[in-house]
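J.: FYI, the numbering for the sequence shown is 1 to 162, going by my numbering.
I'd like to ask some things about the structure below.
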Amino acid sequence: MIDMNNKAFTLIELIVAISIIAILSGMSLVSYTQFNIRQSAQNDGRGFETELRKVQAMAKNLVYPENNGTRCESLSKYIIKSDESGISCNECQFISASAICGNGEFVVLSHDKVFTKAFFSGDLNIDIEPGTGIFTVNYVFPINNINDMVLKTDENGNINVQ
């Protein structure tokens with residue numbers, strides 16, 4: 001004999017409840033993924049800005065680099081370039097910082113990977129005046145990722161990565 005007083009969920013009720021849970025889980029997964037991408041882009045932007053400020057500080061403080069034991073006697077400028085092993089790149093993640101001495105000698109100061117998710121969309125070439133740390137040209141340079149970032153510099157030597 002079947003007892004009709006048992007309280008249980010019907011199959012329709014279970015399917016509706018599971019569907020709601022699946023939809024909410026999917027929405028939270030998409031939100032988490034977008035958050036992760038946004039955080040990666042911001043971290044890349046901060047890392048890039050840190051590298052620019054490091055070279056700018058060297059320029060302001062007139063750090064004379066050495067090359068093979070020979071000290072640079074006079075500085076012409078510091079250069080920051082997007083670089084992938086010295087070739088022109090379209091999606092590179094590295095920058096090279098160099099100093100140009102008065103006699104034309106080229107001293108590479110660093111070659112660092114600054115991006116993990118983002119990349120340069122073309123060749124970046126920034127000149128920094130020694131002694132002042134001012135950029136010789138104001139730059140607005142796109143840095144590509146799923147979320148686009150832009151590097152902006154101004155005549156006062158300010159750097160802003162958005």
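Even glycine gets a Cβ: it sits at the ideal position worked out from N, Cα and C.
Remember, it's a predicted structure, so these values are computed and weren't measured experimentally.
Roughly how many angstroms separate the alpha carbons of Ile-20 and Ala-41, rounded to a whole number?
T.: The count along the sequence shown starts at 1 and reaches residue 20 at position 20. The count along the sequence shown starts at 1 and reaches residue 41 at position 41. C-alpha separation (whole angstroms): 32 Å.
J.: From what residue to what residue does the beta strand (DSSP E) around Tyr-64 run?
T.: Position 64 of the sequence shown, counted from the start, is the residue given in the question as residue 64. Tyr-64 -> no beta strand (DSSP E), and no H or E assigned at all.
J.: Less than 9 Å separating the beta-carbons of Tyr-78 and Ile-100?
T.: Walking along the sequence shown from the start, residue 78 turns up at place 78. Walking along the sequence shown from the start, residue 100 turns up at place 100. Yes. Within cutoff.
J.: Shortest alpha-carbon distance to Val-114 belongs to which of Phe-106, Asp-127, Gly-102 and Ala-97?
T.: Taking the first residue of the sequence shown as 1, we reach residue 114 at position 114. The candidate whose alpha carbon is nearest that of Val-114 is Ala-97.
J.: Does DSSP classify Phe-9 as helix, strand or coil?
T.: For the purposes of this step, residue 9 is taken as the residue at position 9 of the sequence shown. Phe-9: coil per DSSP, three-state reduction.
J.: Determine, using beta carbons only, whether Asn-43 and Thr-116 come nearer to each other than 9 Å.
T.: As a working note, residue 43 is residue 43 in the sequence shown. As a working note, residue 116 is residue 116 in the sequence shown. Contact flag set, yes.
J.: Give me the residue from Ile-80, Leu-62 and Ser-82 with the minimum Cα distance to Ser-74.
T.: Counting from one through the sequence shown, the residue named residue 74 turns up at place 74. With distances taken between Cα atoms, Ser-74 lies closest to Leu-62.
J.: Quick one: what does DSSP say Ser-74 is sitting in, helix, strand or coil?
T.: For the purposes of this step, residue 74 is taken as the residue at position 74 of the sequence shown. Coil at Ser-74, not helix or strand.
J.: Considering only C-alpha positions, which residue in the set Asn-125, Phe-119, Tyr-32 and Met-58 is nearest to Thr-132?
T.: For the purposes of this step, residue 132 is identified with residue 132 of the sequence shown, where counting begins at 1. Considering only alpha carbons, the answer is Met-58.
J.: Name the DSSP bridge partner or partners of Asn-125?
T.: The sequence position of residue 125 within the sequence shown is 125, counting from 1. Answer by DSSP bridge pairing, in chain order: Lys-81.
J.: Are the Cβ atoms of Ile-134 and Gly-157 separated by less than 9 Å?
T.: As a position in the sequence shown, residue 134 is number 134, starting the count at 1. As a position in the sequence shown, residue 157 is number 157, starting the count at 1. Yes, the pair counts as a contact, with Cβ atoms nearer than the cut-off.
J.: Taking the alpha-carbon positions, what's the Leu-14 to Gly-45 distance?
T.: For the purposes of this step, residue 14 is taken as the residue at position 14 of the sequence shown. For the purposes of this step, residue 45 is taken as the residue at position 45 of the sequence shown. Distance between the alpha carbons of Leu-14 and Gly-45 is about 47 Å.
J.: Would you kindly work out how many angstroms separate the C-alpha atoms of Pro-130 and Arg-38, rounded to a whole number?
T.: Position 130 of the sequence shown, counted from the first residue, corresponds to residue 130. Position 38 of the sequence shown, counted from the first residue, corresponds to residue 38. So the two alpha carbons sit approximately 35 Å from each other.
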